[in-house]
Each structure stands twice: as C-alpha cells, then as structure tokens.
Amino acid sequence: MSDNHNLLAEQRRALILEEVRRRGGVRVNELTRRLNVSDMTVRRDLDALARQGVLEKVHGGAVPVSGASTHEPGFEAKSALESGAKEDIARAAARLAAPGSAIALSGGTTTYALAQHLLDVPGLTVVTNSLRVADVFHAAQRADGASGGRAPAATVVLTGGVRTPSDSLVGPVADAAIASLHFDTLFLGVHGISAEAGLSTPNLAEAETNRRLVRSARRVVVVADHTKWGTVGLSTFASLEDVDILVTDGGMPEAVRAEIRERLPELVVADGEADGGEDRRKAGTDRPR
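If you're matching positions, the sequence shown starts at 1 in UniProt numbering and goes up one per residue.
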C-alpha cells in the first residue's frame, strides 16, 4: 500500500513540476482542481519539491527556481526525483549492453541506477566519469570476491577531473582521458532534452566533457525520464541527431513520443507494468515509420 502511495505522490509531483516549468508558475488552487486532491496535499508536494531545489514556493503557489538554466541540484536531491521511472529505464537500457563490449556511463542518477543492472553483464569494460557509478562496480567486486557467482567482474576505467555537485568528474583532465578512448556504446544521462536545444546541462565544464563522450562513442543511448523533456540547461552539448536511442519511461506524452520518432532512429519506452505477475519490466520499442 505504501509503495502505491509513493508512486502516486511521485507522479503528482512530476506533473506539478512540468506545469511550473511550462507556464512559469502555478497557483495552489489551480493544482487542487487539476489533480483532484486537497489543498494540504498540494502544499506538501510543493514543500517536497522546494526541498529538492527544483522549484521555489511563493505566496499561493510556486515558480521555477531562480536562474534555472544554471541551477544544478546535488546527487541526493536528484535521486529523490522519479526514482521509479529511473529504475524502469535502467532495466530496459541494461538490455542494450552487449557482453564483452566497451561501454561508457556518464554521470547522473539514471546512469547510477543503470550501473546496478549491468553487474550481471559479463566481460564489460566500463569507462565512466561518475564516482557513484564506479562505486557500484567496486562495491560489487568487494562483496563477491573475484566473481562470487555473478558475471565476471567488469574492468572499470574512471576518468580524472574536477568533481561536480552531481559527483561527476569534468574538466581538462577528464576531457583528455576520454578523447583518447573509443567505446561501443555510451549511456548518457542528461539534465534536459528538447527538440530545439538538444541535450543540455547547467554546468559548462560538464557540457564539454559530455561532448567528448559523445564523440568517442559508436552508439549513443540517452537515458532520461519524461520530466527531462522540455528542460533546457545553460549549455547544449549535443543535438538530437547525435542520439541513436532514447530510453525513457511511460510518462512521456504520446505527442512527444511521436515527435521523437520523427527525429531518432529508435525510442524505447519502459512502461513499468508487471509481466505475468513477475518482478520484471516490459519495454516497448517504437521505430520511425
């Protein structure tokens, strides 16, 4: 029962955040009518979103955070957002990692969730600029010994660099390390994605590091929940044309899915529904007509 309540609250807060970003602000009474919930419930949701740093409460409602295009929440704050959707995306994206391949994982909470699903893929070489991602593989190796019944331990290459609020390593050291490497698939988390601005981040140094990651990859897989669509950070580091596959969740509106199908070779939608009562997620793949 508590899981259902948490999921409903998470979906409701995602809708509130979308409205704030789209309209530049919302009033509490508008949200109570649209969401069909009490005034107290809306105010609790606004309090939670304000604590996460993704909006600002004002008298009678909420507005986007000041300087939103340059605001970069910390890892813990972002982890609390859309956790169910990120888990669905991670399960679906893990199926795209071929055993024995060289892959890269950028920083971010969705790639962190993905890393935990890649532990059972044998023979991976993992390049990452994320301290959190590297810790996932390191902790698994310590817990399991050499292999401990899991797939053979991955080889992890952690770039150097300067640490960001998202626990990513960026800057000239990271850029130089990535530029000398080549990997089969890049799994890329993003701050924002849109048709006009492409893939963007509020951190200028991270933007350059992400550009290097994209250039070094034979295939680019973006992992982004539906709330990232329409969000624009300060710096664009890639266009939609640079993306081979977008893995998102079932909350992505159908109109947006249609737009993505026109622009990308492949769209994978992790719908999060139970399959035959088993603990696994179904993923639907939409291709351009």
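The C-beta atom is built at its ideal place from N, Cα and C for all residues, glycine as well.
Remember, predicted model here, so these are calculated numbers, not experimental data.
- Here the stretch 150–165 makes no contact with the stretch 184–198; the two share fewer than three CB pairs at distances below 8 Å.
- In this structure, D88 keeps its C-beta atom at 8 Å or more from the C-beta atom of D244.
- Nearest to L199 by alpha-carbon distance, out of A174, D184, T231, S168, is T231.
- Residue pairing by DSSP puts G189 in a beta bridge opposite V223.
- Excluding sequence positions up to five before and after L46, its CB lies within less than 6 Å of the CB of K57, A62, all in the same chain and listed in chain order.
- G198: member of the beta strand (DSSP E) spanning 198–201, first to last residue.
- Counting the other CB atoms within 10 Å of its CB gives S180 a total below 16, which places it among the exposed residues.
- Under the three-state reduction of DSSP output, S83 falls in the helix class.
- In the three-state reduction of the DSSP assignment, P64 falls in the strand class, which pools E and B.
- Between V20 and V28, the beta carbon gap of about 12 Å keeps them out of contact (Cβ cut-off 8 Å).
- Cβ contact annotation for G108 (same chain, cutoff 6 Å, sequence separation greater than five): G189, in chain order.
- Here DSSP, grouped into helix, strand and coil, assigns D249 to strand.
- Judged by DSSP secondary structure, A238 falls within the beta strand (DSSP E) whose first and last residues are 235–238.
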